[in-house]
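Working notes, structure below.
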Amino acid sequence: MGKNLIIVESPAKARTIKNFLGKEYEVIASKGHIRDLPKSSFGIKIEEDKFIPQYRVDKDHSEITKKLKELAKKAQTVYIATDEDREGEAIGYHIAHAIGKNPEELPRIVFHEITKNAIKKALENPRTIDMNRVNAQQARRLLDRIVGYKLSPLLASKIQRGLSAGRVQSAALKLVVDREREIKAFQPQEYWSIEAVFNKTIPATIYEYLGKKLDKLDIKTKEQAQEIVQKAQNEEFVIAKIEKKKRITKSPAPFMTSTLQQAASSQLGFSPKKTMMIAQKLYEGVQTPHGVTGVITYMRTDSLNIAKEAQEAARELIAQKFGQEYLPKTPKVYASKAKGAQEAHEAIRPTMLDFTPQVAKEYLSADELKLYTLIYNRFLASQMEDAIFETQTLYFKSPSTTFKASGRRLLFDGFYKVLGNQDKDKILPELKENEKVELTKIEAQQHFTEPPSRYSEASLIKTLEQLGIGRPSTYAPTIALLQARDYVQLQKKQLVPTDTAFTVIEVLEKHFPEIVDSSFTAKMEEELDEIANAKKDWQKVLKEFYDPFISLIEKGKKEIKSQKIAEPIGRSCPECGAELVKRKGRYGEFIACSAFPKCKYTEQIETQKTQEQVSDEKCEKCGSPMVVKRGPRGEFLACSAYPECKNTKPLAKSEPKKLDVKCPECGGDILERFSKRGKFYGCSNYPKCTFISKFEPVDKKCSECGYMMAQRTYRNKDIYECIKCKHKEPRE
1 MGKNLIIVES
11 PAKARTIKNF
21 LGKEYEVIAS
31 KGHIRDLPKS
41 SFGIKIEEDK
51 FIPQYRVDKD
61 HSEITKKLKE
71 LAKKAQTVYI
81 ATDEDREGEA
91 IGYHIAHAIG
101 KNPEELPRIV
111 FHEITKNAIK
121 KALENPRTID
131 MNRVNAQQAR
141 RLLDRIVGYK
151 LSPLLASKIQ
161 RGLSAGRVQS
171 AALKLVVDRE
181 REIKAFQPQE
191 YWSIEAVFNK
201 TIPATIYEYL
211 GKKLDKLDIK
221 TKEQAQEIVQ
231 KAQNEEFVIA
241 KIEKKKRITK
251 SPAPFMTSTL
261 QQAASSQLGF
271 SPKKTMMIAQ
281 KLYEGVQTPH
291 GVTGVITYMR
301 TDSLNIAKEA
311 QEAARELIAQ
321 KFGQEYLPKT
331 PKVYASKAKG
341 AQEAHEAIRP
351 TMLDFTPQVA
361 KEYLSADELK
371 LYTLIYNRFL
381 ASQMEDAIFE
391 TQTLYFKSPS
401 TTFKASGRRL
411 LFDGFYKVLG
421 NQDKDKILPE
431 LKENEKVELT
441 KIEAQQHFTE
451 PPSRYSEASL
461 IKTLEQLGIG
471 RPSTYAPTIA
481 LLQARDYVQL
491 QKKQLVPTDT
501 AFTVIEVLEK
511 HFPEIVDSSF
521 TAKMEEELDE
531 IANAKKDWQK
541 VLKEFYDPFI
551 SLIEKGKKEI
561 KSQKIAEPIG
571 RSCPECGAEL
581 VKRKGRYGEF
591 IACSAFPKCK
601 YTEQIETQKT
611 QEQVSDEKCE
621 KCGSPMVVKR
631 GPRGEFLACS
641 AYPECKNTKP
651 LAKSEPKKLD
661 VKCPECGGDI
671 LERFSKRGKF
681 YGCSNYPKCT
691 FISKFEPVDK
701 KCSECGYMMA
711 QRTYRNKDIY
721 ECIKCKHKEP
731 RE
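As numbered in full-length UniProt numbering, the sequence shown has no gaps in its residue numbers, which increase by one up to the final residue, 732.
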């Protein structure tokens, strides 16, 4: 008899598993989806209310399919060992079909981590492919194909070539567009804050005036603020009340996909796509002191479950390393708030607690170590005691006004022992009730309310999760697709919708409201969950969606007005004689030939031409003046005789501005520079000296570490911030 054959999706995963098994096992990778719907056609046959997918083995997988068939024929037993989620279940189903086996008869092994013990245990406890999960994944794939193949061409024909729409993608895009609409419609409100200092050292904020507790926006005018200030200045203050309370900060839950992506974005600056690529590698196997093995559990999960053995190992380590006071009396258990969470799965955690970040430093790349450390410390913290603070509140009262001062101190650091506590204690002095205090300073400041902030990649993922839109495997691809389609652009870590996004969403809102409705999209996810749990028939779910959707498509073909309508300008094309029209493009309006694409003549609109800056340079081809133009990659020089002369060249770069301070590393000049991400400051001796600062360095030393500081605005206040340790000081 031949060897036992184990089929996985990834070559890295195959190599790791092979290291754990003897010669009687052959481990091979299918390299992802071996069968899928065809790329060039709809690929779904509809007969008598049945949706029959026309799966194909693509050319890229024909060779590996042939090899799998040959190995399967000789194998003693064929095991399917794809990832334990619906997509992994479906990949296993397609592999079985491709090698001519019955999917419901092949042994299927599953594991949350790729370690020797996990693989051994999985081989001892095989199951069969779960057809309910497969059908849930098939339903998702067919739903997405129906929307993509029927709606995308309609948008392309009515708005712009190259547009696409998708079930999850469109609902996510509407969230971004709606937030931008809020920002544009926002009307700032004026309000005033009143800050005071008592006994020269205790800062306080206004709490109450004439017996009424004041909210943030209650002081609306300068006159109101001045009235309060003048009254307070002429009155005596006493300590009306002293409050001391214990406040518990609970330990955080271990990571699941969405929270890992959010933390990696905010703490490490990683995009969701980058986070998942690194996590995949850590899961599939890296070099360790024990050989190549997976060092984290499966990273596409919405569960917060922890295996009992892992929990016990964590508790043993906590007691040994930090002491019994850091160990909860009973193990900590967390419940996922995510809609439809797969509670059979596990949270993301390290597989070996002896592979500490300190040990991992010798084996992992810089980015792998950063993400692994985040996962390791978060898991350990999740099993530690809560942190305890003492909060202190003082109320300073006069006949008309009450001010409040708050402080806190850490009594027990608990899980902060691992995660670190960035906030310094702010301890108020010991005072007594009814004790008189001196009003040393009082000041009113004007403010204006600010619009809601745009979504970051992390906050959009959090919102998608809260609304039940998509699942762990879809968050990163959805955001990447929105950027790839130029629906959104990432500016200063914020997602900014383009004009095309507004046009698409306006059309979808009017003609396909359910496609962009978050509650409808979430309901579809719940129906997919019900298919996976054998509570709904996948064909019935497809039928219920398809009929009304196709009716809207047919209606849209007739009723959606073309956004491509071009406005004639009353002139003929100088190249072919057809009518010239005004069109809208990515960079504004322009004039083009109505015979496009046969004739590709274009020209700028006169109003844009008049705004062009004429340079001192002459065109070396025809002698006409060169003008400064702006394109997708910035400004450049172009011949003013265009289209007769199409000569262009780069705009000469001006000398960078030199600051009056010297580089703290080597004494060189500090220059103002620009990159794709905006302005920054760097040393003139680069690359020998790699000093860099996002904010403008100044001739001021940090009181904490002695390094150079930079000036910036932080929370609407001008401050100095240390370039190295980030210590902040007020800027007068």
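Positions of the beta carbon are idealized from the N, C-alpha and C atoms, including for glycine.
Every value quoted in this text rests on a predicted model; they were computed, and no experiment measured them.
Residues bridged to LEU495 by DSSP? LEU490
Report yes or no: do the stretch 312-330 and the stretch 361-381 share at least 3 C-beta pairs separated by less than 8 Å? yes
Quick check: the Cα distance between ALA534 and GLU89, rounded to an integer number of angstroms? 15 Å
Proximity of GLU672 and LYS657 at Cβ, strictly below 9 Å: yes
Measure the Cβ-Cβ separation of LEU214 and SER400 and say whether it is below 9 Å. no
First and last residue of the beta strand (DSSP E) that includes THR288? 286-288
Assign PRO632 to buried or exposed, taking buried as 16 or more other Cβ atoms, counted over all protein chains shown, within 10 Å of its Cβ. Bear in mind that the predicted position of PRO632 carries a pLDDT of just 49, short of 50, making it unreliable; the figure below should be weighed with that in mind. When all chains shown are included, PRO632 counts as exposed.
Cross-strand partners of TRP192 (DSSP beta bridge): Residue pairing by DSSP puts TRP192 in a beta bridge opposite GLN446.
Cα separation between PRO568 and LYS558? 24 Å
Beta-bridge pairing of CYS593 - partner residues as DSSP gives them: LEU580
Limits of the alpha helix (DSSP H) - the one that ILE553 falls within: 538-559
Quick one: residues in its chain with C-beta nearer than 7 Å to the C-beta of LYS370, no 5 flanking neighbours on either side, listed in chain order? LEU268
If I'm right that residue 743 touches ASP58 with Cβ under 8 Å, what's the distance once you round it to whole angstroms? Absent from the model: residue 743. The displayed extent of the chain is 1 to 732, so no value can be given.
According to the neighbour-count rule (16 or more other Cβ atoms, all chains shown, within 10 Å of its Cβ), is HIS290 buried or exposed? exposed
Whole-angstrom distance between LYS158 and ARG586, CA atom to CA atom: Because ARG586 carries a pLDDT of 46, less than 50, the predicted location of this residue cannot be relied on, and the following value inherits that uncertainty. So the alpha carbons of these two residues sit roughly 16 Å apart.
Could you have a look at TYR681 and say whether DSSP puts it in helix, strand or coil? strand
Where ASP639 falls, given that 16 or more other Cβ within 10 Å makes a residue buried: First, the residue type needs correcting, since residue 639 is Cys and not Asp in the sequence shown. When all chains shown are included, CYS639 counts as buried.
Cβ shell of CYS663 (< 8 Å), same chain only, five flanking positions each side left out: So the list reads ASP669, ILE670, CYS683, SER684, ASN685, CYS689 and PHE691, once near-sequence residues are dropped.
Is the beta carbon of ALA347 sitting closer than 9 Å to the one on ILE306? yes
Output yes or no for whether 9 Å exceeds the beta carbon distance between LEU374 and ALA522. No.
Quick one: grab the DSSP three-state call for ARG471. coil
Contact between the stretch 465-476 and the stretch 512-530 (3+ Cβ pairs under 8 Å): yes
Complete alpha helix (DSSP H) runs within the stretch 355-389 (minimum length 4 residues, chain order): Listed in chain order, they are 357-360 and 366-382.
Cβ-based neighbour list, GLY148, same chain, cut-off 8 Å, excluding 5 preceding and 5 following: SER164, ALA165 and GLY166
Going by C-alpha distance, which of ALA444, LEU637, SER258 and LYS728 is nearest ILE228? Nearest C-alpha to ILE228: ALA444.
Does the Cβ-Cβ distance between GLU361 and PHE237 come in under 9 Å? The sequence given here has Lys at residue 361, not Glu. No, Cβ-Cβ distance for LYS361 and PHE237 is not below 9 Å.
Using CA coordinates, which residue listed in GLU617, THR257 and GLU589 is at the minimum distance from MET277? THR257
Can you tell me whether ARG167 sits near the ligand FMN, meaning its C-beta is under 8 Å from at least one heavy atom of the ligand? Here there are no bound small molecules, and the ligand FMN is not part of this structure.
For GLU26: DSSP bridge partner residues: LEU5
Residues that DSSP places opposite GLN392 in a beta bridge: LYS244 and GLY407
What does LYS212 pair with, by DSSP beta-bridge criteria? TYR209
With a Cβ-Cβ cutoff of 9 Å, do GLU26 and ALA75 count as a contact? yes
Taking the alpha-carbon positions, what's the GLN169 to PHE255 distance? 24 Å
Apart from the five residues on each side of it in sequence, which residues of its chain come closer than 7 Å, Cβ to Cβ, to GLN611? Note that GLN611 scores a pLDDT of 49, beneath 50, so its modelled location is shaky and nothing firm can be said.
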